[in-house]
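In the UniProt record's numbering, the protein residues as written are 4 to 589. The beta-carbon is built from N, C-alpha and C at its ideal position, and this holds for glycine as well. Structure record follows, encoded as structure tokens.
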Ligand code: ATP
Ligand code: MG
Ligand code: MG
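Given below as structure tokens:
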């Protein structure tokens, strides 16, 4: 199947489908009230995956990859992908992040509904189950309450070179651990005074099997459960249970979690044996993270950039957050296509930012209407206007909405005696290779006519402040013989009488270096101070009615989008999404 190239995740799913591994699973509706799966009907879904963000920040381009894999594989195999808030860690989590996550997964075009069921879950709904499972593990001799200090505990776990050392509490009677665990839950002990640990193997080469911590005391309210809990499960313990309760079949994680895999299997095998979760349990598979050059993809670092004022919020168009990319004008299709093209491998991938930009061009080239704009306006006066057009103050011009799709119609705008051209299109003393307007030179005003430069003025500071030209008779676009005139270039322009003043935000990558978080320097010191330049220019009158989020190709300048927050019809604000080619300066 050329649309679905083989990769190890797809192969794992195909193998399980062929073997009927999960064919006998039962699904009993929402797992929120902690499983009575055995009483449910056979699960109608051949495959269940999940995308499990922690709501401690907003989603970024790396998450889009995980979203694409999980939702994409579920759809490909006729299954369903759950959206699960992995909200087990109260300190940094917020409802606002939950809402932002839901919005962006939806924006990418995915949904978590199947039939009448909305598969949107919260790990915090399973706290009661997780706690009961912990008591069961303690009663079974598989977990104990450890009262060592945090430092003692860390030191006693050893490292890759040396085995761990048993805690003095490791062999305490089960009843004593159980009593302590109940006291922990009731809030009888302060933060950090004790933890619940699994009892596995202190000599294991896998550090995650050296009696990992399952529960910590944290007298901190949770954004959903309020003050119901003062102990919270560790990720390593919570995640397998979340997957099992939701009848996940293939739990796709990033490579940092490879060492967690053995504990994942250990825990679920015991919970199956204790009759707490169904067999066969889900399995974890790891793939390499997506890293994008010239930016950082870590919620912690993105939060620092926002909190420390390097950018204007999580949806700043310079950020690789999905909200930022959307605001910059990246389309959901471009993001989806981009992450899909990166495939899935067992190695972390560094993908050039330019590949993301190219995915956007590939999407917008077909779709985006065209228009003209002037970023750095320079007045150009047509001195022989009256000779050509008499008392007319405006002459109508047209251009195709899309050059490849004539059926999409024409744009209409005026040509008048006073124009705006871009500063970059005029040189008083033309440099070598410069082919656009200069004294004595002829250029075509695109969709308009040919002009010949007759003069210019400089301001006191030496900068050119106005240019004069005369119309070449008979050169109007569309008239017979107009193409016979020789010109050295064609430039874009706007008539002063109908151009619309606009703010044009010209955005560069936030970091000048390829991998800002891999070197010695703190990533903050590598932020590009010129990542945003705000130009006060003009756009074609056809854009006067564009709404926020409107995509347009401004001819020669790039793809732009009307800003989602600040754009108004009377005072347009456009962000440059990407230049037309990958190395276009300015
Ligand atoms: P961060 O380091 O940015 O905080 P995270 O992995 O802690 O990311 P989660 O909210 O736990 O963030 O991520 C949800 C899912 O998205 C996880 O399954 C995680 O593995 C995956 N994910 C996060 N970042 C990337 C990435 N760069 N590439 C691919 N998948 C990612
Ligand atoms: Mg995480
Ligand atoms: Mg994280």
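- Taking 8 Å as the cut-off, the beta carbon of residue 560 is found closer than this to the beta carbon of residue 376.
- In this structure, residue 371 keeps its C-beta atom at 8 Å or more from the C-beta atom of residue 258.
- Secondary structure at residue 218: strand, using DSSP grouped into helix, strand and coil.
- Distances from the alpha-carbon of residue 272 to those of 260, 261, 286 and 373 put 286 closest.
- Between the alpha carbons of residue 58 and residue 253 lies a distance of about 22 Å.
- The bridge partners DSSP lists for residue 578 are 508 and 564.
- With 5 Å as the limit, the residues whose C-beta approaches a heavy atom of ligand 1 more closely than that are 56, 57, 65, 66, 68, 69, 257, 292, 293, 300, 301 and 302, in chain order.
- Between the C-alpha atoms of residue 128 and residue 317 there is a straight-line separation of about 28 Å.
- For residue 45, the secondary structure class from DSSP, reduced to helix, strand or coil, is strand.
- With a contact defined as Cβ atoms closer than 8 Å, residue 203 and residue 210 miss out at about 11 Å.
- DSSP places residue 86 inside the beta strand (DSSP E), whose first and last residues are 83 to 88.
- With contacts defined as CB atoms closer than 8 Å, residue 414 and residue 431 fail to qualify as a contacting pair.
- With a cut-off of 8 Å on Cβ pairs, the region 264 to 281 is not in contact with the region 295 to 309, counting fewer than three such pairs.
- A distance of 8 Å or more separates the beta carbons of residue 398 and residue 453.
- In this structure, DSSP gives residue 496 an extended state, which the three-state scheme calls strand.
- By the neighbour-count criterion, in which 16 or more other beta carbons inside 10 Å mark a residue as buried, residue 394 falls on the exposed side.
- Annotation for residue 225: 90, 93, 96, 127, 231, 232 and 235 place their beta carbon closer than 8 Å to its own, counting only its chain and skipping 5 residues before and after.
- With a cut-off of 8 Å on Cβ pairs, the region 178 to 187 is not in contact with the region 103 to 110, counting fewer than three such pairs.
- Using a Cβ-Cβ distance cut-off of 8 Å, the region 467 to 475 and the region 530 to 540 are not in contact, since fewer than three pairs of beta carbons, one from each stretch, lie closer than that value.
- Selection 320, 333 and 448 evaluated against residue 495 yields 448 as nearest (Cα-Cα).
- The C-alpha of residue 20 lies about 13 Å from the C-alpha of residue 79.
- Counted as a single uninterrupted DSSP element, the beta strand (DSSP E) harbouring residue 454 occupies residues 453 to 461.
- Counting of Cβ neighbours within 10 angstroms places residue 189 among the exposed residues, the total staying below 16.
- Taking all protein chains shown into account, residue 505 has 16 or more neighbouring C-beta atoms within 10 Å of its C-beta and is therefore buried.
- With fewer than 16 other Cβ atoms inside 10 Å of its own Cβ, residue 435 counts as exposed.
- Annotation: the continuous beta strand (DSSP E) that includes residue 254 extends over 253 to 257.
- Ranking 219, 132 and 355 by CA distance to the CA of residue 183 puts 219 first.
- Boundaries of the alpha helix (DSSP H) around residue 248: 238 to 248.
- A residue is called buried when at least 16 other Cβ atoms come within 10 angstroms of its Cβ; residue 222 does not meet this threshold and is exposed.
- Bounds of the beta strand (DSSP E) holding residue 352 are 352 to 354.
- With respect to residue 49, residue 103 sits apart: the two C-beta atoms are not nearer than 8 Å.
- Between the alpha carbons of residue 360 and residue 581 lies a gap of roughly 6 Å.
- Taken through DSSP and simplified to helix, strand or coil, residue 273 comes out as helix.
- Looking at the backbone, the Cα of residue 475 and that of residue 571 are separated by about 38 Å.
- Using a Cβ distance threshold of 8 Å, residue 53 and residue 87 count as a contacting pair.
- Closest in C-alpha terms to residue 146, from the list 155, 134 and 154, comes 134.
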